[in-house]
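Taking it in order: structure first as structure tokens, then the write-up.
Numbering (the UniProt record's numbering), first residue to last: 1 to 419.
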């Protein structure tokens, strides 16, 4: 008996983190995604593999770490997958799936390299409403095969021009504890929340097209984002605000259930989970782990460690981390300021209203007790009482790097751009 082949829709945004009403953020207007969460599995401890756009998406679509698949920096700066890398649409092709990419992608300078049978990926500046309209039109066409539809939004990437994204009320916002609570921060968050509201409405268009079409009873919907928001100490860092992401998975009509899953998962686990879901063998080269039992409400094994990395963004800024057992260990491979802000954050209102504490020299090692210090502000790496924890996590990181052939172990990683 052949396995069942349901349809899969994967919607991904830029720079959202978990900033939705469903994740407890006050002042955010995200009614369609909040409603989606009411009939979905909501993962509260989902993390990306890298706090940058291309590397994170590369893991989402290959099930492999950035330093393994080659996409260690931004695609528009010369980084690409290694030749022969298998992406999710390529893996699903052998299972008889049609595939389509509509809207933004940031994994290659040429979207046709990504393995989709249908590509509608125009200028990256296309707004969410137009992307959603194209996706809804594609969904309205009858399909003879099961399909994978990937819908990528530019939102909520900076900037947030008011003519496209009317700002939220700054006074209604609860400023995250890792940011300074100044008026400039509130104004910046209000603009960010305005882009969320517009993109949320666009997601509603796609969900309506699914629910009102012929495929509602046989379509899984996955919603996520690449990494944390474009604010200091989030995007571009290995701290939790940079790595924690929204992840909602809605089963088909007739099988929907709301559940909150606290078990840590990584976006690298999405590919093996989807392959597991449709009964497709998981290639041995895939490094993520299926969390299908959690999706199906079945008993799960012990939580796995979360590994993440950064190699290059605007600048070469290599670091690696492991998050396990209530602690996080970060290894910094280059000296420099504690935070090397991406250019869009450097130019932000929030940056203008904060001091220069982030310019202090970074430590080569960082260790945080996430239960006692969720803001990751007290580095315990040199505290004698925590030396055993540090050494244990350092050894765990060493083992992961060796098993995955991390090129940083051989020295600095060169940029793909040549003069």
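In this text, a Cβ means the ideal position worked out from N, Cα and C, and glycines have one as well.
These numbers come from a predicted model, not from an experiment.
Judged by DSSP in its simplified three-state form, residue 329 adopts strand.
Cβ contact annotation for residue 205 (same chain, cutoff 7 Å, sequence separation greater than five): 132, 133 and 136, in chain order. Within the DSSP secondary-structure output, residue 42 pairs in a beta bridge with 248 and 260.
When beta bridges are read from the DSSP output, residue 397 appears opposite no residue. Its Cα nearest to that of residue 270, the residue 47 stands out among 40, 80, 47 and 13. Of the residues 109, 19, 116 and 104, the one whose Cα lies closest to the Cα of residue 94 is 116. Between residue 365 and residue 331, the CB-CB gap stays under 7 Å.
Assignment of beta-bridge partners to residue 77 by DSSP yields no partner. When DSSP states are grouped into helix, strand and coil, residue 221 belongs to the strand group. For residue 404, same chain residues with a beta-carbon under 8 Å away, outside a window of 5 residues either side, are 65, 67, 68 and 287 in chain order.
Beta bridge pairing from DSSP links residue 54 with no other residue. Secondary structure at residue 210: helix, using DSSP grouped into helix, strand and coil. CA-to-CA, the gap between residue 363 and residue 86 works out to about 37 Å. Following the DSSP letters along the chain, one finds residue 67 in no beta strand (DSSP E) but inside the alpha helix (DSSP H) bounded by residues 66-69. DSSP, read as helix, strand or coil, puts residue 384 in helix. Distances from the alpha-carbon of residue 259 to those of 267, 410, 191 and 249 put 249 closest. Distance from residue 139 to residue 203 at the Cβ level is roughly 13 Å; contact not present, criterion being Cβ atoms closer than 8 Å. Per DSSP, the beta bridge partners of residue 366 are 330. Spatial neighbours of residue 375 in its own chain (CB-CB distance under 7 Å, excluding positions within 5 residues in sequence) are listed in chain order as 177 and 178.
The beta carbons of residue 147 and residue 199 sit no closer together than 7 Å.
Counting C-beta atoms within 10 angstroms of its own C-beta, residue 284 has fewer than 16 neighbours from the protein chains shown and is therefore classed as exposed. Beta bridge pairing from DSSP links residue 152 with 12 and 103. With a 10 Å radius around the Cβ and a threshold of 16 neighbouring Cβ atoms, residue 384 comes out exposed. Taking a 10 Å sphere around the C-beta of residue 381, we find 16 or more other C-beta atoms and assign the residue as buried. Taking a contact as a CB-CB distance under 8 Å, the pair residue 232 and residue 341 counts as one, their CB atoms being some 6 Å apart. Straight through space, the alpha carbons of residue 275 and residue 92 are spaced by roughly 8 Å. Counting other Cβ atoms within 10 Å of its Cβ, residue 401 reaches 16 or more and is therefore classed as buried. Taking every protein chain shown into account, the CB of residue 58 has 16 or more other CB atoms within 10 angstroms, so this residue is buried.
For residue 171, the number of other beta carbons within 10 angstroms of its own is below 16, and it is reported as exposed. Taking all protein chains shown into account, residue 82 has fewer than 16 neighbouring C-beta atoms within 10 Å of its C-beta and is therefore exposed.
The alpha helix (DSSP H) runs lying completely inside the segment 96-148 and spanning 4 residues or more are 128-139, given in chain order.
In the three-state scheme derived from DSSP, where H, G and I count as helix and E and B as strand, residue 322 is classed as strand. Using a Cβ distance threshold of 7 Å, residue 224 and residue 195 do not count as a contacting pair.
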